[in-house]
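Mapping of the sequence shown onto the numbering used here: position 196 corresponds to residue 665, and the numbering continues sequentially without gaps.
Glycine included, each C-beta is placed from N, C-alpha and C at the ideal position.
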Amino acid sequence: MADINEIENEFLRDEIEEFIERPDERERIINTFIPCSPEMQKIAAALIDGDNHGVDEMTKAALDAGTEALEIMDDGLICAMSVVGIKFRENFIFVPEVLACARAMKAGMAYIDPILSASGIQPIGTVIMGTVKGDLHDIGKNLCIMMLGGAGFAVHDLGVDTSEDEFIDAVEEHGAPLLGMSALLTTTMPNMGKTIDAFIDADLREEVKIMVGGASVTQEFADDMGADGTAEDAMGCVELANRLLQELKEEQEA
Ligand code: B12
Numbered sequence: 470m471a472d473i474n475e476i477e478n479e480f481l482r483d484e485i486e487e488f489i490e491r492p493d494e495r496e497r498i499i500n501t502f503i504p505c506s507p508e509m510q511k512i513a514a515a516l517i518d519g520d521n522h523g524v525d526e527m528t529k530a531a532l533d534a535g536t537e538a539l540e541i542m543d544d545g546l547i548c549a550m551s552v553v554g555i556k557f558r559e560n561f562i563f564v565p566e567v568l569a570c571a572r573a574m575k576a577g578m579a580y581i582d583p584i585l586s587a588s589g590i591q592p593i594g595t596v597i598m599g600t601v602k603g604d605l606h607d608i609g610k611n612l613c614i615m616m617l618g619g620a621g622f623a624v625h626d627l628g629v630d631t632s633e634d635e636f637i638d639a640v641e642e643h644g645a646p647l648l649g650m651s652a653l654l655t656t657t658m659p660n661m662g663k664t665i666d667a668f669i670d671a672d673l674r675e676e677v678k679i680m681v682g683g684a685s686v687t688q689e690f691a692d693d694m695g696a697d698g699t700a701e702d703a704m705g706c707v708e709l710a711n712r713l714l715q716e717l718k719e720e721q722e723a
């Protein structure tokens, strides 16, 4: 059993006590934070608090002090975003707070991204992401993109109101093994199915694993439209992307 008192940062301990209710998630989050240094815990606390100036300053200071960019991203930023994701899912915080946290994450990633890009670390896979035609909601998609980027994927963001042809062209252009579509409106959710059909018509369906998501997208809906999977939040999106990439590799090797 994980001991919360082993986490040095009081703000993080309080956040976990107050907001992380599911025992499996509480155990996982506590175990994630315990090995993080006090400096990384402070960055995580600032991010959860939506303090973009704090994250900006502390990320820069940590890099100047010689901390690896990857350590800051994993232990400071991504760990914190997991807590934010759970708080949002459980309705403890709402869109404005999530946006403030996303802005804080961006402030940190502004230092980390160029370092990781320059270090030549190969991305683990390429993902095309976009919100489907007729739909302008992009907050959730952007959170997924941020988490995918943090997990080592190269992500090409097609933005909002993306047509079937734009998805197909991007997958072909980048040779992407993964496509993620987001839709929030019941009127635009069917456009995900139409895009999947367009991939079938273009004889490209076998080349790419397709993930779908958005608040009203259920597993049943995803299955019906012929998608390869769905996830209810950005953490789940990263897990799904990893799983589908592995499946595609195994299929191609068989
Ligand atoms: C913010 C918002 C807006 C903003 C969008 C700003 C932006 N840049 O995104 C604005 C004001 C523009 C807007 C406009 C409209 N909206 Co609106 N909006 C919302 C609101 C309040 C929050 C959505 C949101 O960002 N949630 C937060 C994110 C983090 O959650 P999320 O998107 O679900 O994403 C998570 C998961 O779903 C998943 N995920 C998301 N995408 C993907 C993709 C993949 C591949 C995977 C694996 C996972 C995944 O991970 C994400 C992170 O955890 C919702 C209500 C609600 N509570 O959901 C209404 C809501 C979605 N909107 C609604 C409506 C009706 C509209 C309008 C039609 C209103 C109007 N009459 O003009 C317009 C439509 C504009 C258009 N053409 O798209 C309705 C939809 C009803 C329905 N079921 O069809 C909702 C549900 C409100 C309501 N209760 O009526 N909206």
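Asked: I think Gly603 touches Asn521, with their Cβ atoms under 8 Å apart; what is that distance to the nearest whole Å?; Found: Going by Cβ atoms, the distance from Gly603 to Asn521 rounds to 32 Å, so no, they are not a contact pair.
Asked: Quick one: measure Cβ to Cβ for Ala573 and Leu516, integer angstroms, because I've assumed they're closer than 8 Å.; Found: 5 Å
Asked: Here's a check: name, in chain order, each residue in its chain whose Cβ is nearer than 7 Å to the Cβ of Thr655, leaving out the five neighbours to either side.; Found: Ser685
Asked: Are there any heavy atoms of ligand 1 lying less than 8 Å away from the beta-carbon of Leu516, as far as the coordinates show?; Found: no
Asked: Looking at ligand 1, does it come within less than 8 Å of Glu494, judged from the CB to the closest heavy atom?; Found: no
Asked: Can you tell which of Asp670, Glu486, Leu653 has the C-alpha that lies nearest to the C-alpha of Val681?; Found: Leu653
Asked: Count the other C-beta atoms from every protein chain shown that fall within 10 angstroms of the C-beta of Val564, then say buried if there are 16 or more, exposed otherwise.; Found: exposed
Asked: Counting pairs of beta carbons, one from the segment 504-519 and one from the segment 535-553, are three or more of them closer than 8 Å?; Found: yes
Asked: How far does the alpha helix (DSSP H) with Val707 in it reach, from first residue to last?; Found: 703-722
Asked: Answer with buried or exposed for Asp626, where buried requires no fewer than 16 other C-beta atoms within 10 angstroms of its C-beta.; Found: buried
Asked: Please state if the CB of Gly683 and the CB of His606 are separated by a distance shorter than 9 Å.; Found: yes
Asked: Taking the beta strand (DSSP E) that Lys678 belongs to, which residues open and close that run?; Found: 678-682
Asked: Mind checking whether Thr600 and Gly621 have CB atoms under 9 Å apart?; Found: no
Asked: Would you identify the three-state DSSP class for Ile581, choosing helix, strand or coil?; Found: helix
Asked: Could you tell me whether the segment 608-624 touches the segment 660-669, using the rule of 3 or more Cβ pairs below 8 Å?; Found: no
Asked: For Asn474, count the other beta carbons within 10 Å of its own beta carbon; 16 or more makes it buried, fewer makes it exposed. Which is it?; Found: exposed
Asked: Count the CB pairs spanning the segment 591-598 and the segment 642-651 that are closer than 8 Å, and state whether there are at least three.; Found: yes
Asked: Taking buried to mean at least 16 other C-beta atoms within 10 Å of its own C-beta, is Met470 buried or exposed?; Found: exposed
Asked: Looking at the strands, I want to know which residues DSSP matches up with Ser651.; Found: Thr600, Gly682
Asked: Would you please state the rounded distance, in angstroms, between the beta carbons of Cys613 and Ala703? I believe it to be under 8 Å.; Found: 5 Å
Asked: Where DSSP assigns a beta bridge to His625, which residues make up the other side?; Found: Ile597
Asked: With the cut-off set at 9 Å, would you say Asn611 and Ala569 are in Cβ contact?; Found: no
Asked: Just curious, the alpha helix (DSSP H) that Ser551 is in, first and last residue?; Found: 548-558
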